[in-house]
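445 is the number that the numbering used here gives the last residue of the sequence shown; the numbers go up by one with no jumps.
For every residue, glycine included, the Cβ atom is placed at its ideal position computed from N, Cα and C.
As the structure is a computational prediction, the values presented were derived from the model and not from experiment.
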Amino acid sequence: VGGSIQGRVALITGASSGIGEGVALALAEQGARVFATGRRPERLAALKRRIEAAGGEAHVIAGDMTEEAFAVSLVDRAVRRFGRLDILVNAAGVGIHGKVEGGDVGWWRHSMDINLFATLITCAAAIPVMRRQGEGDIVNVSSTAGRRQIGGPYGTSKIALNSFHEGLRSEVGPDGIRCCIIEPGATTTEIWRKNPDPQEREAQRRRLTEDGVLLPEDIAACIVLALELPRRTNIAEMLIRPTIDVAPGVGL
Ligand SMILES: NC(=O)c1ccc[n+]([C@@H]2O[C@H](COP(=O)([O-])OP(=O)(O)OC[C@H]3O[C@@H](n4cnc5c(N)ncnc54)[C@H](OP(=O)(O)O)[C@@H]3O)[C@@H](O)[C@H]2O)c1
194 VGGSIQGRVA
204 LITGASSGIG
214 EGVALALAEQ
224 GARVFATGRR
234 PERLAALKRR
244 IEAAGGEAHV
254 IAGDMTEEAF
264 AVSLVDRAVR
274 RFGRLDILVN
284 AAGVGIHGKV
294 EGGDVGWWRH
304 SMDINLFATL
314 ITCAAAIPVM
324 RRQGEGDIVN
334 VSSTAGRRQI
344 GGPYGTSKIA
354 LNSFHEGLRS
364 EVGPDGIRCC
374 IIEPGATTTE
384 IWRKNPDPQE
394 REAQRRRLTE
404 DGVLLPEDIA
414 ACIVLALELP
424 RRTNIAEMLI
434 RPTIDVAPGV
444 GL
């Protein structure tokens with residue numbers, strides 16, 4: 194069986210902006226029925242309008258992925274809306290950088306809650322559904338920071354996510370569920386705006402808005418590519434970097 198995206202049902206978290214939004218648009222363009230989530234209802238409504246205006250199908254729901262009951266309910270809601278779940282893309286995340294000394298432990302907890310635990314929760318809910326179907330695709334959005342020890346709340350959460358993902362892949366591969374971890378380098382999105390530390394925010398803004406850095410549609414195109422391959426082929430890990438390094442030596 195080929196990996197056509199046409200008619201497949203995709204649940205995408207973090208779809209109200211950036212990479213998740215780009216993925217939702219790209220999958221809808223390929224004919225997927227999209228179930229998209231994030232916290233900002235107006236951004237989700239705009240996404241739905243855009244998809245529908247292009248002839249696609251989308252259902253959106255706003256909520257906070259750090260609220261466990263909401264995160265747990267998403268897969269079930271998507272299945273109730275569309276009858277099945279073929280693709281789960283976990284793109285919700287925060288990019289909080291910071292030091293150990295004087296750092297707010299709440300930033301670390303929050304980073305783990307959204308970057309690791311929210312993903313764990315949706316994956317756990319998706320597994321039985323995909324197993325029953327005999328196939329499914331899980332795409333988790335990590336970062337170059339998932340491959341390199343950069344420390345801080347962000348780096349720590351992404352390293353943890355990569356390790357989680359490796360276990361997930363070997364656990365569910367035998368059920369026909371493909372798992373792909375995406376590790377983008379610098380990508381122009383809104384992520385820097387949400388950094389609570391003003392210095393880190395400014396440094397991140399400069400890195401992520403430079404000419405030549407990746408765009409959400411670039412990451413989305415790579416995900417489409419991975420999904421379209423024959424089902425025996427699992428691009429297990431995808432490191433995507435701008436052609437010209439933003440921070441040479443750092444690997445962004
Ligand atoms: N931009 C980069 O350079 C880059 C590089 C590597 C990896 N990534 C990863 O890509 C993913 C997406 O980030 P982005 O760059 O696209 O940033 P973004 O534009 O800020 O998007 C983050 C998304 O996550 C959602 N989100 C954040 N906290 C949430 C919460 N508590 N509950 C529900 N949704 C929440 C946001 O929606 P609301 O604000 O509406 O809740 C938004 O849709 C993240 O995992 C990030 O680590 C980004």
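Asked: Any non-hydrogen atom of ligand 1 within 7 Å of I254 CB; Found: no
Asked: DSSP-derived helix/strand/coil call for G348; Found: helix
Asked: Residue from R226, L237 and N427 with nearest C-alpha to G249; Found: R226
Asked: Neighbour-count burial assignment, D330, 16 or more Cβ in a 10 Å radius; Found: buried
Asked: Beta-bridge partners of H252, as assigned by DSSP; Found: F228
Asked: Residues sharing a beta bridge with V447, DSSP; Found: The first residue shown for the chain is 194 and the last is 445, placing residue 447 beyond what the model contains.
Asked: Proximity test, N308 beta-carbon vs ligand 1 heavy atom, cut-off 7 Å; Found: yes
Asked: Own chain, CB closer than 8 Å to H303, minus 5 neighbours either side, in chain order; Found: T259, V287, I289 and P346
Asked: Host alpha helix (DSSP H) of G450 (start-end); Found: There is no way to answer for residue 450, as the model of the chain reaches only from 194 to 445.
Asked: Near ligand 1: R233 beta-carbon under 7 Å from a heavy atom; Found: yes
Asked: Under 8 Å between C-beta atoms of R324 and D368; Found: yes
Asked: Distance cut-off 7 Å: G405 Cβ against heavy atoms of ligand 1; Found: no
Asked: P389 beta carbon near ligand 1 (any heavy atom closer than 7 Å); Found: no
Asked: Sequence-distant residues of its chain with Cβ nearer than 6 Å to A203 (five each side left out); Found: L220, A225, V227 and I280
Asked: Segment contact flag, the region 301-321 with the region 262-273, C-beta cutoff 8 Å, min 3 pairs; Found: yes
Asked: Given 8 Å, three or more beta-carbon pairs between the region 350-363 and the region 387-398; Found: no
Asked: Burial state of V298, where buried means 16 or more other Cβ atoms lie within 10 Å; Found: exposed
Asked: Local conformation of R270 per DSSP, three classes; Found: helix
Asked: Straight-line Cα distance separating G211 from I384; Found: 8 Å
Asked: Rounded distance between the beta-carbons of I370 and N333, thought under 8 Å; Found: The Cβ separation is near 12 Å, so there is no contact.
Asked: Top-ranked residue by Cα proximity to E245, from L218, L422, A255 and N355; Found: L218
Asked: Extent of the continuous alpha helix (DSSP H) to which M323 belongs; Found: A311 to Q326
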